[in-house]
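In the working numbering, the protein residues as written are 1488 to 1632. Ideal Cβ positions, reconstructed from N, Cα and C, are used throughout, including at glycine. Report on the following structure.
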Amino acid sequence: MFKVIALAVAIAATTSVAGAQVANTVSKSTVKKPHAGKHHKAKAEEKAETEESPAALQKEAKISEATARATALKEVPTGTVKKYELEREKGKLIYSYDISVPGKTGIEEVAVNAIDGTVVAHEHETPKQERSEATKEAKEKKAKK
1488 MFKVIALAVA IAATTSVAGA QVANTVSKST VKKPHAGKHH KAKAEEKAET EESPAALQKE
1548 AKISEATARA TALKEVPTGT VKKYELEREK GKLIYSYDIS VPGKTGIEEV AVNAIDGTVV
1608 AHEHETPKQE RSEATKEAKE KKAKK
């Protein structure tokens, strides 16, 4: 619990006033006292540990989004970035890019490590795979609420 509070204080101290207000609101509304017993975590505390704010992720990233974008576009030189996000996937902090290529159906998904700038994944997603992934992500977001 102290780690969550320390993280919230660190975010509030280093972000803009608006960001600090959001961080404070999040920390106050999600941190609850743990259940009786040392080994039990409150559900809100577990949620705070797994859901990281975009500001916290950006602060942790060692390379800029512009650098990661350039790296992704080197993988798909004729492509155009349609969507990107900074996320933690399989324990790694990555920039994930959806890149469309003229004359090609689906998208190229390129993941760039946000710490060292290396390409960690590059795969083609068919339109069917895109729809399936979008449905899965929508369900995950709904479940988090």
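Straight-line Cα distance separating residue j from residue i
i            : j            : result
residue 1594 : residue 1613 : 7 Å
residue 1589 : residue 1600 : 26 Å
residue 1543 : residue 1596 : 24 Å
residue 1585 : residue 1615 : 15 Å
residue 1554 : residue 1627 : 29 Å
residue 1591 : residue 1570 : 17 Å
residue 1560 : residue 1630 : 33 Å
residue 1450 : residue 1608 : There is no way to answer for residue 1450, as the model of the chain reaches only from 1488 to 1632.
residue 1545 : residue 1573 : 7 Å
residue 1625 : residue 1632 : 11 Å
residue 1602 : residue 1556 : 14 Å
7 Å CB neighbourhood of residue i in its chain, flanking five on each side removed
i            : result
residue 1558 : 1599, 1604, 1606
residue 1562 : 1597, 1606, 1609
residue 1587 : 1566, 1567, 1569, 1594
Sequence-distant residues of the same chain with beta carbon closer than 6 Å to residue i, five excluded per side
i            : result
residue 1610 : 1596
Beta bridge counterpart(s) of residue i as assigned by DSSP
i            : result
residue 1544 : Its beta-bridge partners do not exist; DSSP assigns none.
residue 1585 : 1570, 1596
residue 1625 : Residue 1625 is not bridged to any residue.
residue 1608 : 1598
residue 1560 : Its beta-bridge partners do not exist; DSSP assigns none.
residue 1579 : 1576
Contacting residues, own chain, Cβ-Cβ under 8 Å from residue i (five flanking each side not counted)
i            : result
residue 1489 : With a pLDDT of 42 at residue 1489, under the threshold of 50, the modelled position of this residue cannot be trusted, and the question is left open.
Inter-stretch contact (C-beta, 8 Å, three-pair minimum) for the segment 1559 to 1576 and the segment 1615 to 1631: Flag = no, the segment 1559 to 1576 and the segment 1615 to 1631 do not touch.
Would you call the segment 1580 to 1594 and the segment 1542 to 1558 in contact, with 3 or more CB pairs under 8 Å? Below 8 Å, enough C-beta pairs join the segment 1580 to 1594 and the segment 1542 to 1558 to call them touching: three or more.
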